[in-house]
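Below is one structure, written out as structure tokens; comments come after it.
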Amino acid sequence: MAKRIRLEKRVVAESDRLAAELTRRFARAGLFVANLMSSPGSGKTSLLERTAARLGGELRMAVIEGDLATDRDARRIRKAGLPCRQINTGGGCHLSAPQILEALEAFDLAALDVLFIENVGNLVCPAEFNLGEHRRVVLASTPEGDDKPAKYPVAFYKADCIVLNKTDLVAATDFSTEAFRRFARGVNPRAPILELSCRTGEGLEAWLDWVRAERRACALGRGGQECLPREVRAARRAVARPARRRGR
Amino acid sequence: MSRRTGDRLAALHLVVGRWSGADPESLEFALGLLVADSRWPDARIHIRAEPLALRCRACGREFEPEDLDLACSGCGSSDVEVTQGRDTRLESLEVEPDHGEADPS
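Residue numbers (numbering that gives the first Met the number 0), protein chains in the order written: chain A, 0 to 247; chain B, 0 to 104.
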């Protein structure tokens, strides 16, 4: 007679536990953390270079870079004046909480205000793995096409901020900003959609204001779980709750 | 279920949410290889696909979207939250006492 042992254990439970630990560490250090996600080539590194140049005198920032190979992005970020730790994932298609825990060793967290995590360029897997961040930023760029939010709904659904980059190229493509907004709103009615061009600098001010405001919002609280997006908090509570039924 | 008690793993029951990022067929294929090479090569793998379920924050309706179109089937709002289908879970294990049968290992 077979007996059934009920577990109801999420396969990513350990990853979620480490993510919650990361959030506590960020909170203790008073650090605001944003996780940047997009396809390869949307402009995550360019946005961080611009941010370094514009906010460098105002906020103490650092970057964790995720790529399959090379330290090319880390070198760009350091050249822009920010401390940076490169993670090479080999074949890994996303950054994971254990990698972030290890990368933190490179920084004195108490001496920082903002940490940007630039995830591996990929609109699928990074959306599944929480890294303890306070906010998720999803970028898209005009040459990618205006229907990205409809085709990759999970990433855009979970975004706290949607950045549309390369607006200077709209005239050279068939991209429709209106269609992009409609597709984005179809999966995410809340996140601000910030149109900008890292190349020309147009629209950057709204992004910088978003960073300032969100950082302030997270620093005003205790920077812990309470300033996380509602769904992340709900998921954390579900993980923390012990299994109600244990089969015998 | 240990070497000491001699219990055997008879089945693994997994739930794969439509929005979990895991593909049931790939998971079954990979787990099949692992199980075949384990102490319990006859263990069965059951994977139940869990549909995506949403709740509309505007009108409160709970629904399962046809496609990955998230708009509320009632009021059309896209202000929805996922209530089911985001996880891959190990739901349960079935174990059988091994009454003196040969240990498969």
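In this text, a Cβ means the ideal position worked out from N, Cα and C, and glycines have one as well.
Element boundaries [alpha helix (DSSP H), containing residue i]
i, result
"B:L30", "23-35"
"A:S14", "12-28"
"A:A52", "43-54"
"A:V169", "First-last for A:V169: undefined, no H or E at that position."
"A:T176", "176-186"
"A:L100", "96-102"
"A:F115", "No alpha helix (DSSP H) contains A:F115, which is instead part of the beta strand (DSSP E) from 113-117."
Alpha-carbon to alpha-carbon, residue j and residue i
i, j, result
"A:T199", "A:L58", "23 Å"
"A:L6", "A:F106", "38 Å"
"B:S104", "B:L92", "Only weak support is given to the placement of B:S104: the predicted model assigns it a pLDDT of 46, under 50, and the value that follows is read from those uncertain coordinates. Taking the straight line joining both Cα atoms gives about 19 Å."
"A:F182", "B:L67", "12 Å"
"B:Q83", "B:E61", "10 Å"
"A:T69", "A:K43", "16 Å"
"A:D66", "B:G73", "42 Å"
"A:A33", "A:R71", "21 Å"
"A:R24", "A:T50", "24 Å"
"B:D36", "B:L30", "10 Å"
"A:E201", "A:R53", "13 Å"
"A:D146", "A:V169", "14 Å"
"B:L11", "A:A234", "24 Å"
Coil, strand or helix - residue i by DSSP
i, result
"B:T82", "strand"
"A:R243", "Since pLDDT at A:R243 reaches only 49, below the 50 mark, its modelled position is unreliable, and no value is offered."
"A:E143", "helix"
"A:C217", "helix"
"A:K78", "helix"
"A:E194", "strand"
"A:V153", "helix"
"A:A105", "helix"
"A:R134", "strand"
"A:R71", "helix"
"A:E127", "helix"
Same chain, Cβ closer than 7 Å to residue i, five either side skipped, listed in chain order
i, result
"A:A110", "R59"
CA nearest to the CA of residue i, picked from the options
i, options, result
"A:R189", "B:D86, B:R43, B:T82, B:S76", "B:S76"
"A:Q98", "A:I63, A:A28, A:D72, A:V210", "A:I63"
"A:A154", "B:F62, B:V94, B:R85", "B:R85"
"A:C217", "A:A12, A:L100, A:L30", "A:L30"
"A:L21", "A:A149, A:N121, A:G131, A:R77", "A:G131"
"A:V162", "A:R9, A:K8, A:D208, A:R53", "A:D208"
"A:D159", "A:T176, A:E143, A:L193, A:H93", "A:L193"
"A:T141", "A:E104, A:E117, A:L195, A:G89", "A:L195"
"B:P96", "A:M0, A:R74, A:A212", "A:M0"
"A:F179", "A:L103, A:R211, A:P148", "A:P148"
Endpoints, the beta strand (DSSP E) within which residue i is located
i, result
"A:D66", "60-66"
"A:M36", "31-36"
"B:S91", "87-95"
Contacting residues, own chain, Cβ-Cβ under 6 Å from residue i (five flanking each side not counted)
i, result
"B:G16", "E49, G84, R85, D86"
"A:N129", "A18"
Beta-carbon proximity list for residue i, same chain, < 8 Å, skipping 5 on both sides
i, result
"A:V119", "G65, D66, L67, T88, G91, C92, H93, L94, P125"
Proximity test, Cβ basis, 8 Å: residue i and chain C
i, result
"B:V94", "Here chain C cannot be found, since the structure's protein chains are A and B."
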